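Asker: Sharing a structure here in structure tokens format.
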Amino acid sequence: MEKKSWDFLLIVRYIIYFAVIGSIVVLNKLDNNNIKSLIVFLLLYIINTQIRIYFFTDKTYAVITSLIVEIGIISLLYYNFGGFTFVYYFVAIIDASLMLNKKYSYIITSILYLAVIFQSMTPLYKNLQEFPIANIIFNTVIVMGFGGLGRFIAEEKARKQEAQLLYDKIRVSEQELKEAYDRLEEYSNTVEELSVLRERDRISREIHDTVGHTLSTLNIQIQALPFLVKSDKDKAIEMLNDMYTYSKNGLEDVRRAVRELSPISFENNNSIFVLKELANNFQKNTGIKVEFNTSKSEYIFTSDQNLSVYRIIQEALNNSLRHGKATVIEINLHFTEKEVGLNIEDNGEGVENLTPDFGLRGMQDRVNNLGGKIEFFSEKNSGFEINIIFPKKKKIL
Numbered sequence: 000m001e002k003k004s005w006d007f008l009l010i011v012r013y014i015i016y017f018a019v020i021g022s023i024v025v026l027n028k029l030d031n032n033n034i035k036s037l038i039v040f041l042l043l044y045i046i047n048t049q050i051r052i053y054f055f056t057d058k059t060y061a062v063i064t065s066l067i068v069e070i071g072i073i074s075l076l077y078y079n080f081g082g083f084t085f086v087y088y089f090v091a092i093i094d095a096s097l098m099l100n101k102k103y104s105y106i107i108t109s110i111l112y113l114a115v116i117f118q119s120m121t122p123l124y125k126n127l128q129e130f131p132i133a134n135i136i137f138n139t140v141i142v143m144g145f146g147g148l149g150r151f152i153a154e155e156k157a158r159k160q161e162a163q164l165l166y167d168k169i170r171v172s173e174q175e176l177k178e179a180y181d182r183l184e185e186y187s188n189t190v191e192e193l194s195v196l197r198e199r200d201r202i203s204r205e206i207h208d209t210v211g212h213t214l215s216t217l218n219i220q221i222q223a224l225p226f227l228v229k230s231d232k233d234k235a236i237e238m239l240n241d242m243y244t245y246s247k248n249g250l251e252d253v254r255r256a257v258r259e260l261s262p263i264s265f266e267n268n269n270s271i272f273v274l275k276e277l278a279n280n281f282q283k284n285t286g287i288k289v290e291f292n293t294s295k296s297e298y299i300f301t302s303d304q305n306l307s308v309y310r311i312i313q314e315a316l317n318n319s320l321r322h323g324k325a326t327v328i329e330i331n332l333h334f335t336e337k338e339v340g341l342n343i344e345d346n347g348e349g350v351e352n353l354t355p356d357f358g359l360r361g362m363q364d365r366v367n368n369l370g371g372k373i374e375f376f377s378e379k380n381s382g383f384e385i386n387i388i389f390p391k392k393k394k395i396l
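Numbered continuously in numbering that gives the first Met the number 0, the sequence shown closes out at residue 396.
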């Protein structure tokens with residue numbers, strides 16, 4: 000309870016104490032013997048109410064016991080010293096309303112009402128004895144009014160506490176949401192940095208496989224050329240022609256690598272078309288036959304899936320050209336209810352002991368990022384095959 004409300008209730012409590020004493024003194028003639036007994040009973044009354052409010056705040060059954068005892072003390076005070084019936088019960092009614100839950104509050108308040116009615120039926124003063132019904136109604140209405148006020152205060156307090164609790168929960172949820180957002184932002188930055196690193200790794204693999212290989216070969220030939228000119232000019236001229244052809248092919252590889260590094264634009268409705276265009280352009284530029292087959296069912300790739308599938312097919316085609324010396328490449332893309340399947344197979348030379356290089360490891364990384372699996376199959380003179388399966392993802396519009 001807030002300090003202001005607590006102080007206000009204490010003030011009301013002390014006013015009621017004085018009202019009880021005042022009603023007894025005004026309505027009765029007291030002698031020395033009566034005063035001593037009155038002081039004892041008043042002290043019992045006050046001590047009981049003070050113990051209840053200071054020590055029994057969260058003890059329901061202790062509060063109920065204290066209130067029942069108070070009915071007895073009030074009865075002793077009323078029948079021995081008189082006073083106004085309703086004044087005695089003000090403190091008990093307020094405490095029953097504020098210190099007990101709704102169920103017990105109604106039960107104890109009803110018992111207090113019955114006590115008020117019972118005592119009002121036998122008024123001690125002649126003026127009131129002529130109108131017992133009026134006395135009962137008067138005392139009951141006043142006591143019930145205080146009881147209703149106390150219950151209203153209690154429910155307002157409960158609603159305020161509930162609102163405060165809800166506010167605290169919202170504050171906690173807001174803080175948790177902020178922390179989750181910060182973690183998500185940090186994760187997003189990490190993923191972005193990781194994507195950059197992976198793209199750098201792919202670029203380094205591409206440079207290694209094209210530019211590096213071309214330049215290193217040319218460097219060896221250039222070093223041998225001066226000696227060959229002195230010993231065999233015809234052989235030197237032939238080497239120069241080979242170097243020209245090789246450098247020309249290397250330049251084309253560089254141009255192709257640059258094209259591959261350029262961003263690819265995918266539209267939701269032409270992702271398969273872009274993949275087919277990749278295969279057609281490869282066939283046109285290399286003379287290698289590429290068969291691209293898709294299942295009848297359709298599926299719209301997400302942005303990540305689009306780029307990953309494109310790069311995987313691109314890498315597979317280049318490997319078939321550079322390493323496998325294939326003449327035919329078959330690409331099969333099919334969709335099931337929950338998965339996407341990609342199979343790429345060529346009729347190239349194949350390898351006996353397969354060791355994944357930069358390009359194959361890059362494929363593995365891309366498929367792992369899609370949550371899928373990739374397998375490589377190859378035997379000497381039996382071509383090369385790649386099988387990929389990854390789950391579909393619900394597209395977020």
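Each residue gets a CB set at the ideal place from its N, CA and C atoms; glycine is no exception. These figures come from a predicted structure and were not determined experimentally.
#1: Have a look at F357, V350, L369, P355 and flag the residue whose alpha-carbon is nearest the alpha-carbon of S377.
#2: Helix, strand or coil for S293? Go by DSSP, reduced to three states.
#3: Do the CB positions of A18 and V86 come within less than 8 Å of each other?
#4: What would DSSP say about E154, mapped onto helix, strand or coil?
#5: Using 8 Å as the threshold, is the stretch 293–308 in touch with the stretch 350–359, meaning 3 or more CB pairs across them?
#6: Considering only residues of the same chain and omitting the five flanking positions on each side of G21, which have a CB-CB separation below 7 Å?
#7: With H, G and I counted as helix, E and B as strand and the rest as coil, what does DSSP make of Q174?
#8: Express the C-alpha separation of L217 and G340 in angstroms, rounding to a whole number.
#9: Give the straight-line distance between the Cα atoms of L369 and N342, rounded to the nearest whole angstrom.
#10: Round the Cβ separation of V39 and T84 to the nearest angstrom and send it over; I've been treating them as touching at under 8 Å.
#11: Residues in the same chain with beta-carbon distance under 6 Å from F291, minus the five sequence neighbours each way, listed in chain order, please.
#12: Within its chain, find whatever has a CB closer than 6 Å to the CB of F334; leave out the 5 residues flanking it on each side and keep chain order.
#13: Please classify Y53: is it buried, with 16 or more other beta-carbons within 10 angstroms of its beta-carbon, or exposed?
#14: Going by DSSP, what residue range makes up the beta strand (DSSP E) through S71?
#15: How big is the Cα-Cα spacing for E314 and K177?
#16: Can you name the residues that DSSP bridges to P390?
#17: E314 lies in the alpha helix (DSSP H); which residues open and close that run?
#18: Report, in whole angstroms, the separation of the C-beta atoms of I420 and S96, which I expect to be a contact under 8 Å.
#19: Does F55 come out as helix, strand or coil in the three-state DSSP assignment?
#20: Use the C-beta contact count for L250: other C-beta atoms within 10 angstroms, 16 or more gives buried, fewer gives exposed.
#21: Cutting at 8 Å between CB atoms, please list the residues of its own chain near P390, excluding the five before and the five after it.
#22: T59 to T189, Cα distance in whole Å?
#23: Per DSSP, S377 forms a beta bridge with which residues?
#24: If contacts are defined as beta-carbon pairs under 8 Å, then D94 and R158 qualify, I think. What distance do you get, rounded to the angstrom?
#25: Mind checking Y77: buried by the 16 CB within 10 Å criterion, or exposed?
#26: Give me the residue from I70, I219, S319, S172 with the minimum Cα distance to L359.
#27: Whole angstroms is fine: what's the gap from L227's alpha carbon to N317's?
#28: G81 to Y112, Cα distance in whole Å?
#29: Can you tell me where the alpha helix (DSSP H) with G358 in it begins and where it stops?
#30: Would you kindly work out how many angstroms separate the C-alpha atoms of I45 and S65, rounded to a whole number?
#31: Relative to the C-alpha of R365, which candidate in I312, D345, N380 has its C-alpha closest?
#32: Indicate whether E344 and K324 have their beta-carbon atoms separated by less than 8 Å.
#33: Do L99 and V62 come within 8 Å of each other at the CB atom, strictly closer than that value?
#34: Hey, quick one: how far does the alpha helix (DSSP H) through L277 stretch, first residue to last?
#35: CB I287 to CB T244, shorter than 8 Å?
#36: By how many angstroms is the C-alpha of K379 removed from the C-alpha of Q363?
Answerer: Quick answer:
#1: Per the Cα distances, V350.
#2: It should be pointed out that residue 293 corresponds to Thr in this sequence rather than to Ser. Looking at T293 - three-state DSSP - the assignment turns out to be strand.
#3: yes
#4: helix
#5: Fewer than three beta-carbon pairs drawn from the stretch 293–308 and the stretch 350–359 are found closer than 8 Å, and the two stretches are therefore not classed as touching.
#6: The beta carbon of G21 is closer than 7 Å to none in its chain, skipping five residues each way along the sequence.
#7: helix
#8: 41 Å
#9: 16 Å
#10: With 8 Å as the limit, V39 and T84 do not qualify as a contact, their Cβ atoms being about 21 Å apart.
#11: Around F291: K275, A278, I330.
#12: Closer than 6 Å at Cβ, skipping near neighbours: S294, S296, Y298.
#13: exposed
#14: The residue asked about is misnamed: residue 71 is Gly in this sequence, not Ser. Where G71 is concerned, there is no enclosing beta strand (DSSP E), although the alpha helix (DSSP H) around it starts and stops at 59–80.
#15: Approximately 42 Å between the Cα atoms of the pair.
#16: E338
#17: Boundaries of the alpha helix (DSSP H) around E314: 302–318.
#18: Any answer about residue 420 is impossible in this case: the structure gives the chain only from 0 up to 396.
#19: coil
#20: exposed
#21: Around P390: K337, E338, V339, L369, G370, G371.
#22: 56 Å
#23: F383
#24: Rounded, the Cβ-Cβ distance is 20 Å, inconsistent with contact.
#25: buried
#26: S319
#27: 34 Å
#28: Rounded to whole angstroms, G81 to Y112 spans 18 Å at the Cα level.
#29: 357–368
#30: One C-alpha to the other measures close to 12 Å.
#31: I312
#32: no
#33: yes
#34: 270–285
#35: no
#36: 22 Å
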